[in-house]
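Since the structure comes first, as structure tokens, the remarks are kept for the end.
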Amino acid sequence: MKISRRKTLTAALSLAVVGTLGLAGCGQKEESKPASAASAAPASAAAVPAAPEPLKVGFIYVGPVGDAGWTFAHDVGRKAVEAKYGDKVKTTFVENVPESAADAERVIRDLATQGNKVIFGTTFGYMEAMLKVAKDFPDVKFEHATGYKTADNMAQYDVRTYEGAYLAGIAAGKMSKSGKLGVVASIPIPEVLRNINSFTLGARSVNPKATTRVVWVNKWFDPGKEREAATTLIGQGVDVLMQNTDSAAVVQTAEEKGVYAFGWDSDMSKFGAKAHLAASVIDWGVYYNKRVGEALEGKWKSDTTWWGLKENMIDLKSFNASLSDEVKKLIADKRQGVIDGTAPIWKGPIKDNTGKEVLGKDAVADDKFLHDVKFYVEGVEGKVPG
């Protein structure tokens, strides 16, 4: 069973459901003017067919759109749909929707009732609510991010964030003077562990002595706790930070303390120009444009999708000027190797941090293995929280 980054947010979040409707790409129609007697069309003239109604597409966000991070990246994807399809679509989004069953179901059902024919739920915790509503609206196409359940009218999609984390690790391994790296982590689930491990594998591919320390904040978005965790890691001698959380607090703290960090899910360079080494950027628009296009053409089908570098859905971007051409070439070469399959990230032998072999020599991890990562690889300090 695939466990995702968003499963662990619960109704304990006290955020109110804010119904922010972002209606765009649906330009106003010109009102018809009454015809004069002299210009009135003959009764026998064929009526001009009415322009087709735009396809209504709804998006549900777990957090505020803001200007960086997970939800921000999804909203950039929504805007990409508007830019591509113009007045053929009409998009709506609702932000700050908790993952509680009641809140999620209410908002999803409301969007379906309003006539949205494609609805994207952008966090794991919406899965059961979306599945329930999908049964009541068989003519609506539902899309659920990071889950594992599907139906005839409900698809599942995700992005290979671990690929961006690995490339960031290469930069970290080269730029760290102490060899001590740190990760501000959210929840100890396979997705996050996979990212921490991939970051470490990338760093140790260029600096075998590099180590990674982890501080868990047990939330996806909590700038205060993220800042505190970053400060703790820096105090332990860490000079390059990565995060698997949603705010820009880690980059801001790195800027203040004179160490390096990476943007996560989106470019965060404006929050720390000197600290920001690069950003692992998700382009949700790649997927959203494809699926909305299929809906417009009547070709949409339920499916399961997990895209990454090969499909241009994630990449390491916004490089700091301090990164040498040598480092950039290392990253570019590995990136191409991942894309063409000649240099897979998870290729054995790989050991966990107790010395146990988890992937044999020359073995390449399949998606089932990657979805069930519950350990730290060699080089990550400490134990995975229970």
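All letters in the sequence shown, in the order written, are residues -24 to -1, 1 to 362 by mature numbering (1 follows the signal peptide of the UniProt record, and there is no 0). The beta-carbon is built from N, C-alpha and C at its ideal position, and this holds for glycine as well. Only a predicted model underlies this, so the values are computations on that prediction, with no experimental measurement involved.
Give the range of the beta strand (DSSP E) segment to which Met130 is assigned. In this chain, the beta strand (DSSP E) harbouring Met130 covers 130 to 135.
N-terminal and C-terminal residue of the alpha helix (DSSP H) that Phe48 is part of: Looking at the DSSP string, the run of the alpha helix (DSSP H) that includes Phe48 is 46 to 61.
Under a three-way DSSP split, which group does Gly313 fall into? Here Gly313 carries a helix assignment [DSSP, helix/strand/coil].
Within a Cβ cutoff of 7 Å, which residues of the same chain sit near Gly362, ignoring the five residues on either side of it in sequence? By the criterion of a C-beta distance shorter than 7 Å, Gly362 is surrounded by no residue of its chain, once the five residues flanking it on both sides are discounted.
My parser needs the alpha helix (DSSP H) runs of 4 or more residues fully inside the stretch 290 to 344; what are they? For the stretch 290 to 344, the continuous alpha helix (DSSP H) assignments of 4+ residues that do not extend past its boundaries occur at 301 to 316, in sequence order.
Inter-residue spacing [alpha-carbon to alpha-carbon] between Lys275 and Gly324: So the two alpha carbons sit approximately 40 Å from each other.
My output table needs one value for Phe96: the three-state DSSP class, helix, strand or coil. Here Phe96 sits in strand by DSSP.
Host alpha helix (DSSP H) of Asp86 (start-end): Where Asp86 is concerned, the enclosing alpha helix (DSSP H) stretches over 77 to 89.
Do you know offhand how far Pro199's Cα is from Lys246's? Taking the straight line joining both Cα atoms gives about 16 Å.
In three-state DSSP terms, what is Ser162? DSSP places Ser162 in coil when its eight states are reduced to three.
Cβ atoms of Thr208 and Leu157: under 9 Å apart, would you say? Contact flag unset, no.
Any contact between the stretch 291 to 298 and the stretch 139 to 153? By contact I mean 3 or more CB pairs, one from each, below 8 Å. Flag = yes, the stretch 291 to 298 and the stretch 139 to 153 touch.
Buried or exposed by the 16-neighbour rule on C-beta atoms within 10 Å, applied to Val340: Result: exposed.
Suppose the cutoff is 8 Å on Cβ atoms and the five residues either side in sequence are ignored; what does the same chain contact list for Ser154 look like? Within the same chain, Ser154 has close Cβ partners Gly213, Val214, Asp215.
Just to confirm my understanding: we take Pro184, look at its own chain, exclude 5 residues before and 5 after, and list those with CB closer than 8 Å. What are they? Correct list: empty, nothing qualifies.
What is the C-beta distance between Phe48 and Ser242, in whole angstroms, given that I count them as a contact (C-beta under 8 Å)? Yes, they are in contact, since the Cβ atoms of Phe48 and Ser242 sit about 5 Å apart, within 8 Å.
Following the continuous beta strand (DSSP E) through Asp241, name the residue where it begins and the one where it ends. Its beta strand (DSSP E) spans residues 236 to 241.
Simplified DSSP assignment, three categories, for Phe351: The answer is coil: DSSP assigns Phe351 none of H, G, I, E or B.
Three-state class that DSSP yields for Gln228 in the structure shown: In the structure shown, Gln228 falls within a helical segment according to DSSP collapsed to helix, strand and coil.
So, at 8 Å on beta carbons, what are the nonlocal neighbours of Val353 in its own chain, with the 5 sequence-adjacent residues on each side left out? Closer than 8 Å at the Cβ level, and outside the excluded window around Val353, lie Asn173, Thr176, Leu177, Ile326, Lys327, Asp328, Asn329, Val334.
CB contact flag (Tyr102, Glu75, <9 Å): Yes, the Cβ-Cβ distance between Tyr102 and Glu75 is below 9 Å.
Within this structure, are the beta carbons of Val193 and Val227 separated by less than 9 Å? No.
C-beta contact flag for Glu81 and Val116 at 9 Å: When the beta-carbon positions are compared, Glu81 and Val116 stay at least 9 Å from each other.
Beta-carbon within less than 8 Å of Ala19's beta-carbon, same chain only, minus the 5 sequence neighbours each way: which residues are those? Confidence at Ala19 is low in this model, with a pLDDT of 46, below 50, so its placement is unreliable and the value that follows should be read with caution. Closer than 8 Å at Cβ, skipping near neighbours: no residue.
Flag this pair as touching only if the stretch 56 to 65 and the stretch 231 to 242 have three or more C-beta atom pairs under 8 Å; answer yes or no. No, they do not touch.
Own chain, CB closer than 7 Å to Ala13, minus 5 neighbours either side, in chain order: Residue confidence for Ala13 is low, a pLDDT of 36 falling below 50, so the modelled location carries little weight; the figure read from the coordinates is stated next. Cβ neighbours of Ala13 within its own chain (closer than 7 Å, five residues either side excluded): none.
Exposure label - Lys344; buried when at least 16 CB within 10 Å: Around the CB of Lys344, fewer than 16 other CB atoms lie within 10 Å, so the residue is classed as exposed.
Is Phe35 helix, strand or coil when you go by DSSP? Three-state result, Phe35: strand.
Less than 8 Å between the CB of Val314 and some heavy atom of the ligand HEM, yes or no? This structure does not include the ligand HEM; it has no bound ligands of any sort.
Determine the DSSP secondary structure at Glu71, reduced to helix, strand or coil. Assignment of Glu71 by DSSP, reduced to helix, strand and coil, places it in the strand class.
Per DSSP, cross-strand counterpart(s) of Met218: Val159.
Measuring CB to CB, does Thr122 end up less than 9 Å from Thr99? Yes, Cβ-Cβ distance for Thr122 and Thr99 is below 9 Å.
In the DSSP assignment, the beta strand (DSSP E) including Thr188 goes from what residue to what residue? Residues 187 to 192.
Buried or exposed by the 16-neighbour rule on C-beta atoms within 10 Å, applied to Glu273: Exposed, by the Cβ-count rule.
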